[in-house]
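Visitor: Chains as they are written, first to last, in our numbering: chain Z, 1 to 263; chain P, 1001 to 1263. Please find one structure pasted underneath; my questions will follow.
So, in structure tokens, the structure goes:
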């Protein structure tokens, strides 16, 4: 079982990715983003990102109901179904699903942020959280009957509300739940870069041990990314390919050593 | 098997419909619209409906690629997934699908419209068509495993392109393919009205024969609606309930004779 993670950047070449999937000799599931599309739609709808500053001075994006609506339109609607359409055109019998459908990805809603208003402390909770369980029976039911699941956010929380979640966390949970032995991440870079500003600095191979060392050296978004990668190695043996999702034949390129392989 | 058709008007009370579904003692499938939501989104995105006039003077709405994108966002994304969410909150294990997913609803694309441009005749084809076959195996697979399918447009054409289609045609095809013996249509009126302008003129019972007579007396959109109703009686025995989707307990009301029953 292979999990294909397709980034949501605007340079990602969806058509060449989908066409190249026939060269993958394995069952697979796709998890995709749509952040560029989401941002574009939010802009057109004059939706401004809500940023909250907590009482302790920590600021974070607040996913209100409208943010979820925009996610449903861009991720679950437009992007998910256009990928399903491309798959069907490539002879892949895809079914697009969110975590809400058949409670495919259940999560726990974040507790909230403590904010100060008129001198009083108040907890405010948005619609975001972390995935905790996968409906493996549903995925197997579909796969065993010849369908390819195409997954995206939102996921469903403990009270059956739609919540946003990080795709990295979803991929890690899927990997463990399905005992997938391969994860292919298609991104807007030629691979894992030693120097984020130098596209020629692709690291061809990284070991699980080296990953830990590197994680200790970085911070911010990069640290989160490293932690997400490390998570993929928490159960069973895994090969993680980090590859260019902007080029022709990106899957073939990935499997032939064209990007970064973490083992 | 019961097919629930939920209209896409803005007065439709989705929450009360979904909550009332537990009072339905039968397997069911939902087919829903989202036209009010689609029109609202199109307006926000400054999308103007394309209307083409054919060489023979017949004008029709032209579903271009952007119209399909807006359909994917409003029908397949926002409305479909919010209904799935409401279902999950009501204890119904729903899965939202379009006709693209697993080629659930395959259709034939319309041939196109002959238009005159610079004195020359040219065929232009939009992304619209008619549903022809249902993937009954997929629906049964889901229903037999305890899931409730929530269906919406688009459907998929013979070349695997997303196309728009009339929900009435989809419901009729589903009814025949699944041998459903009940269709409940939830609309923005208290039932089938003898006089379209008088909400007190609900016709309590109509026979299949009377339907034919009435069809001959009307025209325009109403004729299309009557034809669609007649289609529901082309195979097997059927009870069609046309009921108010704006009120509390709309399903209970429908089954207790609150609207129109066609038998």
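Using N, Cα and C, we set each Cβ at its ideal position, and we do this for glycine too.
Residues of chain P with CB under 9 Å from residue 218 of chain Z, in chain order?
Guide: Here the question's residue 218 of chain Z lines up with position 218 in the first chain. Going along chain P, no residue has its Cβ under 9 Å from residue 218 of chain Z, so there is no contact; the nearest lies around 35 Å.
Visitor: Strictly below 9 Å CB to CB, what residues from chain P border residue 204 of chain Z?
Guide: For the purposes of this step, residue 204 of chain Z is taken as the residue at position 204 of the first chain. Under the 9 Å cutoff, chain P gives no residues; its nearest Cβ is about 38 Å from residue 204 of chain Z.
Visitor: Using only CA atoms, which one of P:1056, P:1210, P:1148, P:1063 lies nearest to residue 100 of chain Z?
Guide: Position 100 of the first chain, counted from the first residue, corresponds to residue 100 of chain Z. The residue with the shortest Cα to Cα distance from residue 100 of chain Z is P:1148.
Visitor: Inspect the CB distances between the region 205 to 219 of chain Z and the region 1003 to 1014 of chain P and report whether three or more fall short of 8 Å.
Guide: These segments do not touch.
Visitor: Should residue 43 of chain Z be labelled buried (16 or more other beta-carbon atoms within 10 Å of its own) or exposed?
Guide: To locate residue 43 of chain Z, count along the first chain from 1; it is residue 43. Its Cβ having fewer than 16 others within 10 Å, residue 43 of chain Z is exposed.
Visitor: Jot down the residue ranges of each uninterrupted alpha helix (DSSP H) in the region 176 to 232 of chain Z, minimum 4 residues, whole runs only, in chain order.
Guide: You should have 208 to 217, 221 to 231.
Visitor: Would you verify that the beta carbon of residue 1050 of chain P is, or is not, closer than 9 Å to some beta carbon of chain Z?
Guide: The residue labelled residue 1050 of chain P in the question sits at position 50 within the second chain. No, residue 1050 of chain P does not count as interfacial toward chain Z.
Visitor: Would a check of beta-carbon distances place residue 294 of chain Z closer than 9 Å to chain P?
Guide: Since the first residue shown for chain Z is 1 and the last is 263, residue 294 of chain Z is missing from the structure and cannot be characterised.
Visitor: Give the single residue among Z:11, Z:55, Z:246 whose Cα lies nearest to the Cα of residue 124 of chain Z.
Guide: As a first step, residue 124 of chain Z must be located in the first chain, where it is residue number 124. Here the closest residue by C-alpha is Z:55.
Visitor: Could you tell me whether any non-hydrogen atom of the ligand GDP is closer than 8 Å to the CB of residue 1121 of chain P?
Guide: Absence of the ligand GDP from the depicted structure is noted, as is the absence of any ligand whatsoever, leaving it without description.
Visitor: Output the boundary residues of the alpha helix (DSSP H) element that contains residue 1144 of chain P.
Guide: Start at 1 with the first residue of the second chain, and residue 1144 of chain P comes out as number 144. Here the alpha helix (DSSP H) through residue 1144 of chain P covers 1136 to 1144.
Visitor: Check whether the Cβ atoms of residue 24 of chain Z and residue 178 of chain Z lie closer than 9 Å to each other.
Guide: Position 24 of the first chain, counting from 1, holds the residue named residue 24 of chain Z. Position 178 of the first chain, counting from 1, holds the residue named residue 178 of chain Z. No, they are not a contact pair.
Visitor: Report yes or no: is there a C-beta of chain P within less than 9 Å of the C-beta of residue 167 of chain Z?
Guide: Locating residue 167 of chain Z in the first chain gives position 167, counting from the first residue. By this cut-off, residue 167 of chain Z is not an interface position.
Visitor: Straight-line CA distance for residue 1116 of chain P to residue 1122 of chain P?
Guide: The sequence position of residue 1116 of chain P within the second chain is 116, counting from 1. The sequence position of residue 1122 of chain P within the second chain is 122, counting from 1. So the alpha carbons of these two residues sit roughly 6 Å apart.
Visitor: For the putative contact between residue 76 of chain Z and residue 128 of chain Z, defined by C-beta atoms under 8 Å, what is the C-beta separation to the nearest angstrom?
Guide: For the purposes of this step, residue 76 of chain Z is taken as residue 76 along the first chain, with counting starting at 1. For the purposes of this step, residue 128 of chain Z is taken as residue 128 along the first chain, with counting starting at 1. Not a contact, Cβ separation roughly 16 Å.
Visitor: Taking residue 146 of chain Z as the reference, which of Z:27, Z:18, Z:195 has the closest Cα?
Guide: Here residue 146 of chain Z refers to the residue found at position 146 of the first chain. With distances taken between Cα atoms, residue 146 of chain Z lies closest to Z:27.
Visitor: Whole angstroms is fine: what's the gap from residue 1105 of chain P's alpha carbon to residue 1140 of chain P's?
Guide: The residue labelled residue 1105 of chain P in the question sits at position 105 within the second chain. The residue labelled residue 1140 of chain P in the question sits at position 140 within the second chain. Roughly 14 Å separates the two Cα atoms.
Visitor: Can you tell which of P:1253, P:1245, P:1263, P:1260 has its C-alpha closest to the C-alpha of residue 1015 of chain P?
Guide: The sequence position of residue 1015 of chain P within the second chain is 15, counting from 1. Checking every option, the nearest Cα to that of residue 1015 of chain P belongs to P:1245.
Visitor: Alpha carbon to alpha carbon, how far is residue 58 of chain Z from residue 237 of chain Z?
Guide: As a first step, residue 58 of chain Z must be located in the first chain, where it is residue number 58. As a first step, residue 237 of chain Z must be located in the first chain, where it is residue number 237. Cα to Cα, residue 58 of chain Z sits roughly 37 Å from residue 237 of chain Z.
Visitor: Can you list, in chain order, the residues of its chain with a C-beta nearer than 7 Å to that of residue 297 of chain Z? Leave out the 5 residues immediately preceding and following it.
Guide: Residue 297 of chain Z falls outside the range modelled here, since chain Z spans only 1 to 263, and no answer is possible.
Visitor: Can you check DSSP and say which residues form a bridge with residue 94 of chain Z?
Guide: Mapped onto the first chain, residue 94 of chain Z falls at position 94. The partner list for residue 94 of chain Z (beta bridge, DSSP) reads Z:148.
Visitor: Determine whether the beta carbon atoms of residue 151 of chain Z and residue 22 of chain Z lie at a separation below 9 Å.
Guide: Along the first chain, read from residue 1 onward, the residue named residue 151 of chain Z stands at position 151. Along the first chain, read from residue 1 onward, the residue named residue 22 of chain Z stands at position 22. Their beta carbons are not under 9 Å apart, which means residue 151 of chain Z does not touch residue 22 of chain Z by this criterion.
Visitor: Is there at least one Cβ from chain P nearer than 9 Å to residue 96 of chain Z's Cβ?
Guide: By 1-based counting over the first chain, the position of residue 96 of chain Z is 96. Taking Cβ atoms only, chain P reaches closer than 9 Å to residue 96 of chain Z, which makes this a yes.
Visitor: Name, in chain order, the residues that DSSP records as bridge partners for residue 1260 of chain P.
Guide: Stepping through the second chain from its first residue, residue 1260 of chain P is reached at position 260. Paired residue(s): P:1242.
Visitor: Between residue 1174 of chain P and chain Z, is there a C-beta pair that is closer than 9 Å?
Guide: Position 174 of the second chain, counted from the first residue, corresponds to residue 1174 of chain P. So no, residue 1174 of chain P is outside the interface.
Visitor: Would you kindly check if the distance between the Cβ of residue 1235 of chain P and the Cβ of residue 1182 of chain P is under 9 Å?
Guide: The count along the second chain starts at 1 and reaches residue 1182 of chain P at position 182. The count along the second chain starts at 1 and reaches residue 1235 of chain P at position 235. Their beta carbons are not under 9 Å apart, which means residue 1182 of chain P does not touch residue 1235 of chain P by this criterion.
Visitor: Which partner residues does residue 171 of chain Z have in the DSSP bridge list?
Guide: Taking the first chain and counting its residues from 1, the one referred to as residue 171 of chain Z is at position 171. Bridge partners of residue 171 of chain Z: none, in fact.
Visitor: Enumerate in chain order the residues of its own chain whose CB-to-CB distance from residue 92 of chain Z is below 8 Å, with the five nearest sequence positions on each side excluded.
Guide: Here residue 92 of chain Z refers to the residue found at position 92 when the first chain is read from its first residue. Cβ neighbours of residue 92 of chain Z beyond the five flanking positions: 18, 21, 22, 148.
Visitor: Under a Cβ-count criterion, where at least 16 other Cβ atoms within 10 Å of its own Cβ denotes burial, should residue 144 of chain Z be classed as buried or exposed?
Guide: Here the question's residue 144 of chain Z lines up with position 144 in the first chain. Looking at its Cβ environment, which holds fewer than 16 other Cβ atoms inside 10 Å, residue 144 of chain Z is exposed.
Visitor: Is it buried or exposed for residue 1168 of chain P, if we count other Cβ within 10 angstroms and need 16 for buried?
Guide: Mapped onto the second chain, residue 1168 of chain P falls at position 168. Label assigned to residue 1168 of chain P: buried.
Visitor: Counting only Cβ pairs nearer than 9 Å, list the residues of chain Z close to residue 1089 of chain P.
Guide: Stepping through the second chain from its first residue, residue 1089 of chain P is reached at position 89. By Cβ distance, chain Z contributes 159, 160, 161.
Visitor: Within the same chain, show all residues whose beta-carbon is closer than 7 Å to that of residue 172 of chain Z, passing over the 5 residues directly before and after it, in chain order.
Guide: Here the question's residue 172 of chain Z lines up with position 172 in the first chain. Taken in chain order, the residues that qualify are 228, 231, 232.
Visitor: Our contact map puts residue 45 of chain Z next to residue 154 of chain Z with C-beta atoms below 8 Å; I'd like the distance itself, whole angstroms only.
Guide: Working through the first chain from its first residue, we reach residue 45 of chain Z at position 45. Working through the first chain from its first residue, we reach residue 154 of chain Z at position 154. Not confirmed; about 18 Å, so no contact.
Visitor: Output yes if chain Z places a C-beta closer than 9 Å to the C-beta of residue 1102 of chain P; else output no.
Guide: The count along the second chain starts at 1 and reaches residue 1102 of chain P at position 102. Yes, residue 1102 of chain P counts as interfacial toward chain Z.
Visitor: Put residue 82 of chain Z into one of helix, strand or coil per three-state DSSP.
Guide: Walking along the first chain from the start, residue 82 of chain Z turns up at place 82. In the structure shown, residue 82 of chain Z sits in a helix (DSSP, three-state: H, G or I).
Visitor: Compare the C-beta of residue 1008 of chain P against all C-beta atoms of chain Z and say whether one is closer than 9 Å.
Guide: The residue you call residue 1008 of chain P lines up with position 8 of the second chain. No, no contact with chain Z.
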